[in-house]
Amino acid sequence: MRTVVIVCLLVLAGCNAPTGGVNETSAETATAAPVPSDSTLAPGVTEAGVVDADRLAAAHRAAIENRSYTLIANRTERYGNGTVRSGLQIRVELAADRGYHARAATAGPDGPVFLGTPPASAAFWSNGSVYVRRLTNDDSTIYNEFRPREGGAGTWKYWVATVPFGGGQADPTSFYTGVFRSVDIDAVERGTDGDTVVYRLRGSELRRASFTGEFTDVRNVSLRATVTERGLVRSLRLRFTGTVDAEPVRVEWQVRYSDVSATTVERPEWFERAVQSS
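For the sequence shown, position 233 matches number 219 in our numbering, and the numbering has no gaps at all.
This is the structure:
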């Protein structure tokens, strides 16, 4: 049975990467008001949980459209002995004019290869007309200016839509739709983050496996998400165990949005070196 819980709420929504990175925390405190019965708390969300995943995902898209924000995402896959199979860390600061500063790191024998063979790390910056990068791989670092193809690697859409949500044709709308359709929400907690009312969603029952990719026999699912009344999914943490190549693997996927409409993008200190090296 789904329940609505009024609790003192403290969310520590950091992003822990296998190669080390930036953690962020956000304190959410309890409110005294009860969650209204039979009402919509956020687009697609009621006291019963997520009743319309498409509506919630669309509201999330609208909440960040044409706004600046900071996006942090981490995905780590570990074997039973703790060894990292695959690791990905992303932090992107995106301006309203879609200038950006992106930092990424990969790890593991089956880690993403968009930066080269893991482990690798990189930083990319653009103001919309100039694109520069710093790439570290195989114990060497290169700096250069580059020109991405439209919609491809190195564009702002690539960093905030494709890479954090699975690569390929991934995007946040499809990701959130798939996750909230797949995991049954069994508890909703109401709190505040500053002056903003938020709802923390919890679920552990898998209805379908639309987000699990190559993994089979998916089990031990845990979903935690924080959603504003407007439908912004401020944070999401998804954990599950799956099987790949006959080996059990534990997956943890975290995504967090912060500083919406308040993010500024500064030119990196290595900018001149990248331009001069090109």
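The C-beta atom is built at its ideal place from N, Cα and C for all residues, glycine as well.
Please list the terminal residues of the continuous beta strand (DSSP E) segment that includes residue i.
i, result
"Gln240", "Glu233 to Ser244"
"Glu191", "Thr182 to Leu192"
"Phe201", "From DSSP, Phe201 is part of no beta strand (DSSP E); its letter is neither H nor E."
"Tyr129", "Ser126 to Glu131"
"Ala28", "Thr26 to Ala28"
Look at the alpha carbon of residue i and the alpha carbon of residue j, and state the distance between them as a whole number of angstroms.
i, j, result
"Ala44", "Gly114", "26 Å"
"Gly217", "Gly154", "25 Å"
"Ala93", "Gly68", "14 Å"
"Trp239", "Thr212", "14 Å"
"Pro29", "Thr122", "42 Å"
"Val(-9)", "His46", "Any answer about Val(-9) is weak, because its pLDDT of 36 lies below 50 and its placement is not dependable; what the coordinates show is given next. Going by the C-alpha atoms only, they are around 23 Å apart."
"Val118", "Ile171", "42 Å"
"Tyr129", "Glu51", "31 Å"
"Arg193", "Thr202", "14 Å"
"Arg210", "Leu187", "6 Å"
"Glu255", "Ala106", "20 Å"
"Gly138", "Tyr144", "6 Å"
"His87", "Glu131", "14 Å"
"Glu200", "Pro158", "19 Å"
"Glu215", "Asp125", "46 Å"
"Ala248", "Gly180", "15 Å"
"Phe197", "Arg41", "18 Å"
"Gly228", "Ala173", "24 Å"
"Asn206", "Phe161", "20 Å"
"Val204", "Phe226", "7 Å"
"Val31", "Ala59", "23 Å"
"Glu258", "Gly97", "31 Å"
"Asp83", "Val251", "10 Å"
"Gly140", "Arg220", "24 Å"
"Thr127", "Gln262", "15 Å"
"Ala3", "Ala39", "With a pLDDT of only 37 at Ala3, under 50, the local geometry of the prediction cannot be trusted, and the value read off the model is given with reservation. Rounded to whole angstroms, Ala3 to Ala39 spans 28 Å at the Cα level."
Name the one or two DSSP bridge partners that residue i has.
i, result
"Phe110", "Ala88 and Arg119"
"Gly102", "Phe100"
"Val219", "Val213"
"Leu42", "Leu42 pairs with nothing; no bridge assigned."
"Gly73", "Thr62 and Ala93"
"Leu57", "Val78 and Tyr243"
"Ile171", "Gly189"
"Thr227", "Arg205 and Arg236"
"Val36", "Val31"
"Asp179", "Thr182"
Could you round the C-beta distance between residue i and residue j to whole angstroms and report it? I think they count as a contact, below 8 Å.
i, j, result
"Gly189", "Val169", "4 Å"
"Phe166", "Val78", "Actually they do not touch by this definition, with Cβ atoms about 23 Å apart."
"Val237", "Leu222", "With a Cβ gap of about 13 Å, Val237 and Leu222 do not count as contacting."
"Glu63", "Val183", "With 8 Å as the limit, Glu63 and Val183 do not qualify as a contact, their Cβ atoms being about 35 Å apart."
"Ala90", "Leu101", "6 Å"
"Pro150", "Ile76", "5 Å"
Check whether the Cβ of residue i lies closer than 7 Å to any Cβ atom in chain D.
i, result
"Trp142", "You won't find chain D in this structure, because it holds only one protein chain."
Below 6 Å, is the gap between the Cβ of residue i and the nearest heavy atom of the ligand HEM?
i, result
"Asn67", "Annotation note on the ligand HEM: not contained in the displayed structure, which lists no ligands."
Hey, could you find the ends of the alpha helix (DSSP H) residue i is sitting in?
i, result
"Arg164", "Here the sequence assigns Gly to residue 164, which means Arg is not the residue at that position. Unbroken alpha helix (DSSP H) run through Gly164: Pro158 to Ser168."
"Glu136", "It is not in any alpha helix (DSSP H) - Glu136 carries neither H nor E in the DSSP assignment."
"Glu258", "Phe257 to Ser263"
> Does the segment 105 to 123 come close enough to the segment 48 to 68 to have 3 or more Cβ pairs within less than 8 Å?
Replying inline: no
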